[in-house]
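Comments concern the structure below.
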Amino acid sequence: MWLKPEEVLLKNALKLWLTEKTHKYFVLQRRRGYGEGGGGLTGLLVGTLDTVFDSTSKVAPYRILHQTPESQVYWSIACGANSEEINKHWEWLEHNVMAILPVFDSNEDITSFVQGKIRGLIAEESQSASIKEEDDPEKFREALLKFDKWFGLPEQEKLVTYYSCNYWSGRVPCQGWLYLSTNFLSFYSFFLGKEVKIVISWDEISKLEKTMSVILSESIHIHSHGEDYYFSMFVHFNETFLLMEQLADYAVKRLFDKETFETDVSLNDPLQITRRGLENRARNEYFTALFRLPREESLDDILDCFLWIPFCHAHAFGKMFISDHYICFSSQDGSHCNVIIPLREVIGMDTPDSSDKHISFSTRCKITFRFTEIKDSDGLVKKLEGKLNCSASAQDALRNEEELCPKNSQEDNAFFGHDGPPPSFAGDQSSALLKESNKTVNTEALMRVFHPQDAENLDSKMLKEKMKVQSWNIHFVEYGHGVCMFRTKKTRDLVMRGIPEALRGELWLLFSGANNDMASHPGYYTELVERSMGTCSLATDEIERDLHRSLPEHPAFQSDTGISALRRVLTAYASRNPKIGYCQAMNILTSVLLLYAKEEEAFWLLVAVCERMLPDYFNRRIIGALVDQAVFEEFIRSHLPQLTEHMTDMTFFSSVSLSWFLTIFISVLPIESAVNVVDCFFYDGIKAILQLGLAVLDYNMDKLLLCKDDAEAVTILNKFFDNVTNKDSPLPPMAHHPPIGSDNQEPQTKVDITELIAESYEKYGDIQSMEVESMRRRNRLYVIQTLEDTTRQNVLRVVSQEVMFSPKELEDLFELFKKEHFLSCYWIPHSPALKHHDSSLPYLEQYQIDRKQYCTLFRHLSPWSHSANADLLALWSFRLLDENADCLINFKEFSCVLDVMYNGSFTDKLKLLFKLHIPPAFTEDESAIPAASKQPEPFDEPLTQGSNKGKVDIQAYLKQWHEELTRKEESIRNLPRINQSQFVQFSKTLYNLFHGDPNEEALFRAITTVTGLLLRMEEVGRMLNSPNSPSPNKQGTIQDCQSGDRIQENQALNMSEDNAQERQSEIEWTFAFEQILASLLNEPVLVSFFEKHVDIRAKIEQAKSVQLRAKRQSNAID
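Taking this note's numbering, I'd label the letters of the sequence shown as residues 9 to 1126.
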């Protein structure tokens, strides 16, 4: 098998290997003790050692090494268990590699080429093995049957994949199978009569990480609900962990982060998630993040190849990425060379000789790219020809459309996440509008208007600026100019020293990828400006409020020109992306963008930042910024341990660094220094901000270690930022406000921003972008679960003042309440229940359940669930709680009604039952319609506030609070009287509640007595009020109600109901609540029944165990 190239030092080594074949650059060796001859005493010793070691430590008896002349370092590239296997590898090298090597000029190039070829073979073999393993339907079907049998999840739960592994229960490993499905991580083991079964919801996981310890060489650690789980011994460890991360991230986005999830169309249907789909998604995310391409760009293929680097006069090994609209290359040999070739820039493709396996591309940038050693180059050529033809057609269509009348299509709206209708203009009106908008949109960067550079100015700063420009011009000549330029380590070095003022806007567009969006959608911004001008919304109100707070010290934003441009860009983006709209800090960032870029360019730069480079930063909960702060804290722990030990509360770093991330240091640094940070951000992404943050803390380490409190530390950092300068900036210094506490202090040392950035790259440049992305995924779980914990704590704090449940009971009830909500979202594409969770609402309103969910919980938790009419009681109580008629109830309402059932007094419980049998809970025809045949209420379509949903109505909540206080003072005298049909149903409910009680017979007799007494009281009262009125015959009803036999009692109630309906037209009789209460108080057995303590803990534990299984049965019935 081929091996990942590793160094082998042979000098002075024991003679453990015999050379069988040699070449100038390769050696085939056999280990002593194997094959012919045995190798004498040394071979016997080596063979004995290899036999004693276990199978994981055995050394393959054959190997191939790559060597270079006059070097003591060899590279192991292949091994084999027998001579046939190793000879096949040697023959492959003879036919495909050995003949090519003499053309290289240096030994380093030869070693780089060989390593690249071997890595490509390994990747190809791994991919083929993975596909073969996944394409075994019989094994997967067998695993699916076991998964269904062992865990009993609903049939809609989709199994994604499964792995053999160990689960560690303490220090004891349990060998079993790990099943990854769309909503759950499940593990099953049965060993020596002991069964282990674990089911964890992805949305309950707060920590998912790789760990290593003395016992566990490599394991996956999961933390959920205070419990830790460790899984190890995976065959494909990294693959398993990546799939876990993706499934957990999917669940979190779907259930907690609705704004992000709704923009990701590919995840809307949980039933369509597959292992291969997740793997392709991971590759696509890596591809778009690496090259800063639109997230919608679809990766088609990845190929190993070599790219000729003209400025190095050498070939660089790497990977070619083919997508719908781009050809990209990233080196894998340490040369740090990246290339992006948009197909719209390709003007020719050349394939001189099909046997040569190379392709050349000519571009509009006057750069020719030559790729060699491409596998299946013929197939690639055909594929690229089709893509280039499509690209050419699309460019012609765009060019014609732009010439006639640029019109935004519905497809573009969907592509860019715009929900509103596309603007539509017709004929002359369109041309007039576009001409008018071109007058209003600035076509120059504000810096050119307010700080034009004087070519005759020859002061030191301007000379340095011209030298910078000259350095970049030389770089463009050597590495190319434009979107297709070679991006290398030298490019980064130039960016670190600061981009010249004249080139800053152009290079920001290039490095961020915003130029690709702008080139693909000409006229898009102009139409957005036209559509959004004059509109009024919450976002535009906030924009107007913040316009004059955006870089107020800069002259560009002291004039109407800058303010108007800022207004247009922010309003256009709010129109494009209404889910984000406008968020504070966007104004500061956009102000800087407008200084160096044209107005349309600034808009696309803002799109790149908000939607790609800083995802989820600019929304209601700024989840993205919180995630990156958590990543930052991790780096502080690993790189600055002294600071971590001193600052016991890590939340300080989160509070002080929030503005660093939200504004890319613009709000804390002088503007002439901050733009250098923005330069690095657009080139390296969030990695640059993390590095600079660590460098700032490291620079102030000694002072921070002497701080006694957070305020002193903040003052130190403020002073530091105020003294960061840019000695090379040609801009005049802006006025800065002195930092807090700087009065009467000795002058601070000035720090040059270029030196600070260079130090950040020197000390922390080893931070990898892919490592940051992995940490982002991991910390996203922690951040969202922390936000959910905050919601839970606030809800429990408010509700605990209203109920008598213990804190533990209330917490368990909340978990069941929340779980029931999520269970209704797991298996339904576009589930309406997802709309019930809105994190922008007050804490109590964030989680709400509908009637179906409430009825399920009622059956699990209510002490009255054993009643024969329990379903009706659940329906009536839901109507009673749903006072605002939106078909939803919150946790406070849910827990309060349960509190009455369990902890209420005799009067409270009776009053609740009384309310359940009068409107609005009870309707007159309720008992006539069987529960099973009732038409479902529109609980899946709760009423919403429409356009006012995003705005919290303070007056409405104050009114609601006042009404709640008023209801607390509600007197029993204010309750309406209950009529005869309602009273009959009330009596039936009491009979049903008594069923199964040890004192059932006594309770039946008592309720019969009370019923008879109430009927007599009503008759006497009626006779006293109307002595001459005819008295209806109630004797039959009274006599039947006093019977002790259950059948007779039910018959009596039915007769009473029939007689009541017959006499309804003659005389209507009613009872007041006080009458019923007074009558029941005369029966001690009834009072004892309602005041008997019922423990809810047993119900809670039972509900936990059956909640998931009940959902399976419910789905089966549906």
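Every residue, glycine too, gets a C-beta built ideally from N, C-alpha and C.
Taking all protein chains shown into account, decide if residue i is buried (16 or more other Cβ within 10 angstroms of its Cβ) or exposed.
i     : result
F822  : buried
K1100 : exposed
I355  : exposed
G178  : exposed
G387  : exposed
I482  : exposed
K758  : exposed
C618  : buried
V485  : exposed
Q993  : buried
A564  : buried
R352  : buried
N246  : exposed
G201  : exposed
V54   : For V54, the pLDDT reaches just 46, beneath the cut-off of 50, and the residue's location in the model is therefore unreliable, although a value from the coordinates is still provided. Burial call: buried.
C182  : buried
A547  : buried
I'd like to know whether the C-beta atoms of residue i and residue j end up nearer to each other than 8 Å.
i     : j     : result
I382  : C345  : no
V111  : V122  : no
M241  : C173  : yes
F690  : W516  : yes
K474  : D736  : no
L700  : F673  : yes
E642  : M783  : yes
C320  : T380  : no
S338  : F325  : no
A68   : A89   : yes
I761  : S681  : yes
P302  : N523  : no
Y855  : F899  : yes
I367  : V389  : yes
L1021 : V1093 : no
W612  : M526  : yes
L896  : K923  : no
Does DSSP put residue i in a helix, a strand or coil?
i     : result
A324  : strand
Y910  : helix
W185  : strand
I571  : helix
I1046 : Caution is warranted here: a pLDDT of 39 is assigned to I1046, below 50, making its placement in the model unreliable, and no coordinate value can be reported.
M357  : strand
Q856  : strand
Y334  : strand
T4    : Since the first residue shown for the chain is 9 and the last is 1126, residue 4 is missing from the structure and cannot be characterised.
A131  : helix
H925  : coil
T56   : Any reading at T56 needs caution, since the residue's pLDDT is 43, under 50, leaving its predicted position unreliable; the model's value is listed next. Helix at T56.
F34   : strand
N1007 : coil
I1108 : helix
Measuring only between beta-carbons, confirm whether residue i sits less than 8 Å from chain D.
i    : result
V806 : Judged by its chain identifiers, the structure shown contains no chain D, having just a single protein chain.
>> Can you confirm whether the region 903-910 touches the region 813-822 when touching is taken to mean that 3 or more C-beta pairs between the two stretches lie within less than 8 Å?
In response: Touching, yes, given that three or more Cβ pairs across the two stretches are closer than 8 Å.
>> For the structure I just gave you, are there three or more beta carbon pairs, one from the region 753-773 and one from the region 231-243, closer than 8 Å?
In response: No, because fewer than three Cβ pairs between the region 753-773 and the region 231-243 fall closer than 8 Å, the two stretches do not touch.
> Three or more C-beta pairs closer than 8 Å, one from the region 388-403 and one from the region 506-517: is that the case here?
Replying inline: With the cut-off at 8 Å, the region 388-403 and the region 506-517 do not touch.
> Does the region 596-603 come close enough to the region 637-644 that 3 or more CB-CB pairs lie under 8 Å?
Replying inline: Contact fails between the region 637-644 and the region 596-603, because fewer than three Cβ pairs, one in each stretch, are under 8 Å apart.
>> Any contact between the region 520-539 and the region 605-619? By contact I mean 3 or more CB pairs, one from each, below 8 Å.
In response: Yes, the region 520-539 is in contact with the region 605-619.
> Can you list the alpha helix (DSSP H) stretches of 4 or more residues lying completely in the region 712-745, in chain order?
Replying inline: Segments of the alpha helix (DSSP H) lying fully in the region 712-745: 718-730.
> Quick check: the region 617-631 against the region 585-593, are there 3 or more CB pairs under 8 Å?
Replying inline: Here the region 617-631 lies against the region 585-593, with 3 or more beta-carbon pairs under 8 Å apart.
> Touching or not, the region 309-316 and the region 329-340, by the rule of three or more beta carbon pairs under 8 Å?
Replying inline: In this structure the region 309-316 lies against the region 329-340, because at least three pairs of beta carbons, one per stretch, are closer than 8 Å.
> Does the count of Cβ pairs from the region 160-172 and the region 212-219 closer than 8 Å reach three?
Replying inline: With the cut-off at 8 Å, the region 160-172 and the region 212-219 do not touch.
> Is the region 146-162 touching the region 192-206, taking contact as three or more C-beta pairs under 8 Å?
Replying inline: Segments in contact, yes.
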